[in-house]
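Numbering (the numbering used here), first residue to last: 31 to 174. Beta carbons are placed, not taken as given, at the ideal position from N, Cα and C, and that holds for glycine. For clarity, every value in this text was computed on a predicted model and none was experimentally measured. Single-structure report; data block below.
Written out as structure tokens, the structure is:
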């Protein structure tokens, strides 16, 4: 997905390299007893006649890779404009905004509050019950 460097491939070029790592969790074919939380759901619980898990997984992955490829090409051409455009797009479709969420951090702590928006860097603004706004940059965030 990431275009190859135009450099020589030497260590001197390594500082110019950029790598993007992301993860997506989709419950496509989990039964109700295997879901991680009571609020979780799975596509198979709502739609009958689905293809096999492998077919669904591969189709979702293929579509995501193509979508990322298109976005990266645009981002390379106009990083600032595309970053702002994506942030505005996410703000418009963010289902969590205005809802109670719980953020699970890698250190084992959690934070619960209302997802109220996104910061300029696309981090989540989570407002706790005491009215304090917290910036959440890295966490597993779920709607309660």
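Counting along the chain, the unbroken alpha helix (DSSP H) around residue 87 starts and ends at 83-107.
With three or more CB-CB distances shorter than 8 Å, the region 83-101 counts as touching the region 54-62. When the alpha-carbon of residue 146 is set against those of 135, 160, 138, 130, the nearest one is in 130. Taking the C-beta atoms as reference points, residue 105 is found nearer than 8 Å to residue 112. When DSSP reads this structure, residue 144 sits in a beta bridge with 130, 157. Counting other Cβ atoms within 10 Å of its Cβ, residue 156 reaches 16 or more and is therefore classed as buried.
The beta carbon of residue 151 sits closer than 6 Å to none of the beta carbons in its chain outside the five residues before and after it.
The Cβ atoms of residue 65 and residue 71 sit closer than 8 Å to each other. Sorting 142, 46, 83 by C-alpha distance to the C-alpha of residue 159 places 142 at the top. For the 8 Å CB-CB criterion, residue 128 and residue 144 form a contact.
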